[in-house]
Amino acid sequence: MTSTDQQLPAPGSTAMLERCTLPPFTPGSQTFDLPGVIRLAQNESIHGPSPAAVAAIAAEAGRAHRYPDATAATLAGRVAETYGLRPEQVVVGNGVDELLLFCAVTFLTGDAIGMVTGNTYPGHWSAVDSVGARRLTVPLRGNRIDVPAVAAALRGRPITAFLCNPHNPTGTVLTAEEVAILVEAAERGGSLLVLDEAYMDFAEPDQARSAAEHVRKGAPVIVLRTFSKLHGLAGLRCGYALASPGLADRLRRVKHVTVYNVNRYALAAAEASLGDTAFADTVRARTRAAMAHFLTAIEDLPWIRAQATVTNFLHCELDWDALLVSQELQQRSVLVRPCADMGFPRHIRVSVGTEEELDQLVAALTEIATELGRP
Ligand SMILES: Cc1ncc(COP(=O)(O)O)c(C=O)c1O
Numbered sequence: 099m100t101s102t103d104q105q106l107p108a109p110g111s112t113a114m115l116e117r118c119t120l121p122p123f124t125p126g127s128q129t130f131d132l133p134g135v136i137r138l139a140q141n142e143s144i145h146g147p148s149p150a151a152v153a154a155i156a157a158e159a160g161r162a163h164r165y166p167d168a169t170a171a172t173l174a175g176r177v178a179e180t181y182g183l184r185p186e187q188v189v190v191g192n193g194v195d196e197l198l199l200f201c202a203v204t205f206l207t208g209d210a211i212g213m214v215t216g217n218t219y220p221g222h223w224s225a226v227d228s229v230g231a232r233r234l235t236v237p238l239r240g241n242r243i244d245v246p247a248v249a250a251a252l253r254g255r256p257i258t259a260f261l262c263n264p265h266n267p268t269g270t271v272l273t274a275e276e277v278a279i280l281v282e283a284a285e286r287g288g289s290l291l292v293l294d295e296a297y298m299d300f301a302e303p304d305q306a307r308s309a310a311e312h313v314r315k316g317a318p319v320i321v322l323r324t325f326s327k328l329h330g331l332a333g334l335r336c337g338y339a340l341a342s343p344g345l346a347d348r349l350r351r352v353k354h355v356t357v358y359n360v361n362r363y364a365l366a367a368a369e370a371s372l373g374d375t376a377f378a379d380t381v382r383a384r385t386r387a388a389m390a391h392f393l394t395a396i397e398d399l400p401w402i403r404a405q406a407t408v409t410n411f412l413h414c415e416l417d418w419d420a421l422l423v424s425q426e427l428q429q430r431s432v433l434v435r436p437c438a439d440m441g442f443p444r445h446i447r448v449s450v451g452t453e454e455e456l457d458q459l460v461a462a463l464t465e466i467a468t469e470l471g472r473p
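Each residue of the sequence shown is one higher than the last, beginning at 99 in the numbering used here.
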């Protein structure tokens, strides 16, 4: 990435303001879809889509010649009902990634500043860079979003801040009080808070800290959610934004460029998935159980450290270069996500697969550790 406009925001601050051009697209090697390969790199669900979603896709099979509903009205209505919002407050997109781009195109105009945290999901900074906006990066503090620093940035001048909650790749989650502090700071500074809640569905209801309640109150907040993770529809691409009627209207004008953005299979499957809460509960419970199983399996291994999260992934610190270990794992047909590009050279991110898959990962890691002289 090239920085063309570097300035420091405030004396003593570790935040950085720069204008960057997008680097060439280099897909990760973690997307191999080969038989026998264990995919623990992309935080996909290994439980597949709900049977109701599969039936809904099949029911649409003969209608491929018809454009999908450009307003995604049925799905937007179902989503709105779920959150106690009005249907016009829901904008449907091809996953959170497309919605991040819609947010950037809509709100990062003129001399706008897009804020992201350091050490984060690349979709956030690439959305900011894609529209040539100035990018303010606020580093994490101890693997968590630095709430006072982000709040100061939101209060200081009007910006659009993109945050993951829960955070990817660290898995940490903001408390309800911290979300409220950020919302209040955005209100005071005339800023906008975009909260990417891609993994919030995995949190048990008493641990979920969605900012949707602030959307209900008309705060300058956009919540992004996806069907890719808990609902197992990553291959179809479907997500939604929750926003005040005014913000949603602005987003929808940009969405209009792509008119029929979300295909009819994705719309039908997403709608069916929302209705199958029993399936979602089962996936959540199985994810929790497999995560606990993995944490027990690594408990006594001195060269790997991880903490439980409310998500479907674990941020694991190793005693070695994570890129090297990931390559070694790949030789053994196990794919994990090295986190060097997100600022964690010794961490891998492990998606919670089945208990058997995680056992195979532990076995492969143990073999590598032995080779590296640390059994
Ligand atoms: C934090 C975060 N946001 C967004 C996405 C992409 O979501 P979607 O598949 O809905 O585009 C991911 C995917 O891994 C993610 O980790």
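Glycine is no exception: its CB is placed at the ideal position from the N, C-alpha and C atoms. The structure displayed is predicted, hence computed values, not measured ones.
With distances taken from CA atoms, which of the options is nearest residue i?
i    : options                   : result
A249 : V360, A231 and V281       : V281
A438 : L422, R233, L206 and V194 : L422
V188 : L206, A168, M298 and T207 : A168
A174 : A339, V277 and A283       : A339
A151 : A376, P220, A467 and G441 : A376
R164 : S326, E179, V360 and R351 : V360
V321 : G451, L183, A156 and A153 : L183
S424 : G126, R403, V190 and P264 : G126
L349 : E196, A162 and V381       : E196
A367 : N410, H329, S449 and Q140 : H329
L132 : L433, L456 and L470       : L433
E158 : A461, D374 and A364       : A364
For residue i, which residues does DSSP report across the bridge?
i    : result
I257 : For I257, which the question treats as bridged, DSSP gives no partner whatsoever.
Y338 : V190 and R323
H413 : R447
M114 : T235
I402 : L416
List the endpoints of the continuous alpha helix (DSSP H) containing residue i.
i    : result
D195 : G193 to F205
P436 : No alpha helix (DSSP H) holds P436; the beta strand (DSSP E) holding it covers V432 to P436.
I243 : Unbroken run through I243: none, as it is neither H nor E.
R176 : A171 to Y181
T394 : T375 to I396
R137 : First-last for R137: I136 to L138, but that is the beta strand (DSSP E), not the alpha helix (DSSP H).
S143 : Note, S143: premise wrong, no alpha helix (DSSP H); not H, not E.
Return yes when the C-beta of residue i is under 8 Å from any heavy atom of ligand 1, and no when it is not.
i    : result
S111 : no
C437 : no
V86  : In this structure the chain extends from 99 to 473, so residue 86 is not present and cannot be described.
T359 : Before going on, a small fix: residue 359 reads as Asn here, not Thr. Because no heavy atom of ligand 1 lies under 8 Å away, the Cβ of N359 does not count as near it: no.
V262 : First, the amino acid is wrong: residue 262 is Cys here, not Val. Indeed, a heavy atom of ligand 1 lies less than 8 Å from the Cβ.
S371 : no
T270 : no
C293 : Residue identity check: residue 293 is Leu in the sequence provided, not Cys. False, no ligand heavy atom lies under 8 Å from that Cβ.
Q140 : yes
S326 : yes
Under the assumption that residue i contacts residue j (Cβ atoms under 8 Å), give the Cβ distance between them as a whole number of angstroms.
i    : j    : result
R430 : R447 : At roughly 18 Å, the Cβ-Cβ gap does not stay under 8 Å, so R430 and R447 are not in contact.
T258 : L206 : 6 Å
The beta strand (DSSP E) spanning residue i covers which residue range?
i    : result
R232 : R232 to V236
G212 : I211 to T215
V152 : No beta strand (DSSP E) holds V152; the alpha helix (DSSP H) holding it covers P149 to E158.
V292 : L290 to D294
Is residue i near ligand 2, in the sense that its beta carbon is under 8 Å from a heavy atom of that ligand?
i    : result
L238 : Although ligand 2 was asked about, the structure shown includes only ligand 1 as ligands.
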